[in-house]
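The numbering of the sequence shown is numbering that gives the first Met the number 0, which starts it at 0 and goes up by one.
Just so it is clear, CB atoms sit at the ideal spot from N, CA and C, and this is done for glycine as well.
Just so it is clear, the structure is predicted and the values come from calculations on it, not from any experiment.
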Amino acid sequence: MGHEGMRASLVSREVICDSVETVMHAERFDGFVGLAGCDKSIPGMLMAAARLDLPSVFVYNGSTMPGEYNGVALDITSVFEAVGACAAGTLSEDELYEIESRACPGEGACGGMFTANTMSSIAEGLGMSLPGTASPPAIDDRRDTDARLAGEAVVGLLRLGITPRQIMTKDAFENAIALTSALGGSTNAVLHLLAIANEARVSIDLDDFNRIADRVPHIADMKPAGQFHMSDLDRVGGIPVVLKHLLDAGLLHGDAMTVTGKTMAENLADINPPAPDGVVVHPLDQAIHDEGGINVLTGSLAPNGAVVKVAGLSEDQMQFEGPARVFDDEDEAMKEILAGTIEPGTVIVIRYEGPKGGPGMREMLAITGALKGAGRGTDCALITDGRFSGGTWGFCIGHVAPEATDGGPIAFVRDGDLIRVDVPTKSLDLLVDDDELAERRVNWTPNAARYTTGVLGKYAKLVQGAETGAITNTL
């Protein structure tokens with residue numbers, strides 16, 4: 000996080016998908032079990048399954064257990080927030096060291112409802128993994144059983160002639176979006192679901208996320224904005240608890256096919272999961288937020304859309320207006336945050352970090368963690384054409400499209416311009432008149448490409464906008 004290597008992260012999703020396709024093509028396999036355990040490997044595997052359309056089952060490696068310090072549960076985001084607190088002088092270097100040392104005590108993906116756990120949950124919601132397999136920790140013996148059963152399942156799919164595109168239908172994607180809304184999952188899910196759907200030849204767009212979020216409340220009190228980790232969700236019944244509760248309320252398509260050869264409704268009837276416990280998973284009539292955890296915003300600053308994690312906002316954070324402080328990359332913004340020069344009420348704008356302009360759309364977890372640690376987590380907003388970690392929460396808006404490199408309005412923002420965010424109306428506007436913007440556009444030239452050769456140069460030439468899922472398979 001927070002360095003040049005992060006430009007390779009989203010690129011790796013494409014590399015993983017292409018690598019699976021290449022091996023499957025070369026070896027002439029009849030089907031595969033995709034084993035993965037982190038942010039980009041999971042969607043990469045699901046994209047490959049959809050592209051190949053051969054019998055496939057996804058298996059998740061599982062997430063790590065939370066760490067602990069002074070009686071407080073820790074995870075990876077604790078470290079980034081501690082860095083900001085240490086820079087602000089509210090945490091000692093010794094305390095920072097203890098948090099760094101204890102945050103991730105063992106193997107597995109990051110432990111909150113960050114991107115990996117969001118995507119493993121989505122795999123279950125899509126019907127591409129066996130029921131109940133998203134939530135057990137990496138250290139749990141159930142993982143060995145899950146792997147064996149996945150092998151049996153893929154043989155069963157081969158015998159039945161069931162392929163991923165029969166499973167990953169429009170209804171299945173609507174189920175996955177509904178589950179993400181209920182969980183308050185990572186904003187990266189928007190990118191990845193769009194990309195997986197593209198490979199599955201299913202038409203979904205940003206409007207589908209708002210349409211479903213409007214009717215599916217946020218009910219799981221999960222980190223980063225909530226209290227609990229994936230191991231806690233597992234303790235109260237896992238993803239089937241959420242799916243069954245949504246199904247009973249008429250918020251899922253129960254007849255969607257799954258890798259068991261049975262429908263979603265049939266699987267949940269077989270499991271018979273418990274009702275929501277009311278603490279980790281709330282009943283729908285006691286929702287944490289009345290609408291889903293992710294909203295898509297549009298307006299004069301983001302004509303093609305931007306994404307905000309409503310699950311990370313309090314009721315008094317749903318609207319924000321303030322002057323812009325503009326940075327042309329993440330690194331310059333980080334210097335100013337750590338130096339304490341960001342004033343309350345500021346809208347921090349970080350641009351030229353989009354899919355093409357980055358390239359690679361870096362995650363801003365180091366930035367958002369430092370903001371919170373420095374005491375600016377609730378009185379500033381952050382807007383970027385880059386993206387955020389699943390561990391990000393607060394007033395953070397990403398995936399602004401068109402991106403700066405493509406001449407989107409974010410390219411023309413100047414220090415002091417007023418920006419208004421209104422989550423209830425799903426709007427994001429630059430309060431500069433049209434004539435002024437037109438003049439700025441005439442005098443604008445895009446920043447020089449950071450990479451023109453190698454894998455990043457190739458990616459920058461192929462990748463499409465964030466509103467498409469940052470896909471590259473468009474030839």
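Identity of the residues DSSP links to residue i by a beta bridge
i, result
"methionine 127", "Its beta-bridge partners do not exist; DSSP assigns none."
"glutamate 151", "Glutamate 151 pairs with nothing; no bridge assigned."
"lysine 308", "Ile293"
"isoleucine 349", "Phe326 and Thr383"
"valine 56", "Val32"
"valine 421", "For the record, residue 421 in the displayed sequence is aspartate; it is not valine. DSSP lists Gln318 and Ser426 as partners of aspartate 421."
"isoleucine 396", "Val307 and Ile382"
"alanine 301", "Gly298"
"methionine 221", "Phe227"
"methionine 256", "Thr262"
"histidine 288", "His217"
For residue i, the three-state DSSP class (helix, strand or coil)
i, result
"glutamine 318", "strand"
"arginine 200", "coil"
"serine 62", "strand"
"threonine 340", "coil"
"methionine 263", "helix"
"cysteine 85", "helix"
"isoleucine 366", "helix"
"tyrosine 68", "strand"
"leucine 73", "strand"
"histidine 24", "helix"
"valine 431", "coil"
"valine 78", "helix"
"histidine 191", "helix"
"valine 278", "coil"
"histidine 2", "coil"
"alanine 108", "strand"
"isoleucine 98", "helix"
"glycine 453", "helix"
"alanine 133", "coil"
"cysteine 16", "helix"
"methionine 360", "coil"
Inter-residue spacing [alpha-carbon to alpha-carbon] between residue i and residue j
i, j, result
"isoleucine 238", "valine 346", "36 Å"
"alanine 224", "serine 185", "11 Å"
"methionine 263", "proline 273", "16 Å"
"glutamate 26", "glutamate 20", "10 Å"
"serine 55", "aspartate 29", "9 Å"
"glutamate 97", "methionine 221", "24 Å"
"valine 189", "serine 388", "12 Å"
"valine 454", "valine 235", "43 Å"
"valine 431", "proline 354", "26 Å"
"glutamate 352", "glutamate 265", "44 Å"
"proline 302", "alanine 400", "7 Å"
"glycine 407", "alanine 212", "26 Å"
"alanine 332", "glutamate 3", "14 Å"
"alanine 268", "threonine 451", "54 Å"
Check whether residue i and residue j have beta carbons under 8 Å apart
i, j, result
"isoleucine 382", "glutamate 329", "no"
"serine 100", "glycine 359", "no"
"isoleucine 287", "leucine 45", "no"
"threonine 297", "lysine 169", "no"
"aspartate 233", "proline 136", "yes"
"glutamate 13", "threonine 471", "yes"
"glycine 464", "aspartate 428", "no"
"isoleucine 418", "aspartate 384", "no"
"glutamate 290", "valine 307", "no"
"alanine 373", "alanine 108", "no"
"histidine 398", "glycine 304", "yes"
"glutamine 318", "valine 420", "yes"
"alanine 171", "isoleucine 41", "no"
"alanine 149", "valine 240", "no"
"methionine 167", "methionine 118", "no"
"valine 412", "valine 325", "yes"
"glycine 356", "alanine 403", "yes"
"glycine 110", "methionine 229", "yes"
"leucine 370", "isoleucine 349", "no"
"isoleucine 218", "proline 275", "yes"
"asparagine 294", "asparagine 209", "yes"
"alanine 72", "glycine 124", "no"
"leucine 245", "valine 215", "yes"
"threonine 76", "glycine 368", "yes"
"proline 322", "aspartate 378", "no"
"asparagine 197", "glycine 468", "yes"
Residue-level contact to chain D via CB, residue i, 8 Å cutoff
i, result
"glutamate 97", "Here chain D cannot be found, since the structure has a single protein chain."
Using 8 Å as the threshold, is the region 38 to 57 in touch with the region 75 to 91, meaning 3 or more CB pairs across them?
The region 38 to 57 and the region 75 to 91 do not touch, with fewer than 3 CB-CB distances between them shorter than 8 Å.
I want to know whether the region 132 to 142 touches the region 59 to 72 - three or more CB-CB distances under 8 Å.
Enough Cβ pairs lie closer than 8 Å, so yes.
Taking 8 Å as the cut-off, does the region 171 to 181 touch the region 391 to 409 (at least 3 CB pairs, one atom from each stretch)?
Contact between the region 391 to 409 and the region 171 to 181 is absent, with fewer than three C-beta pairs closer than 8 Å.
Three or more beta-carbon pairs under 8 Å between the region 251 to 269 and the region 144 to 163, yes or no?
A contact between stretches requires three or more CB pairs, one per stretch, nearer than 8 Å, and the region 251 to 269 meets this requirement with the region 144 to 163.
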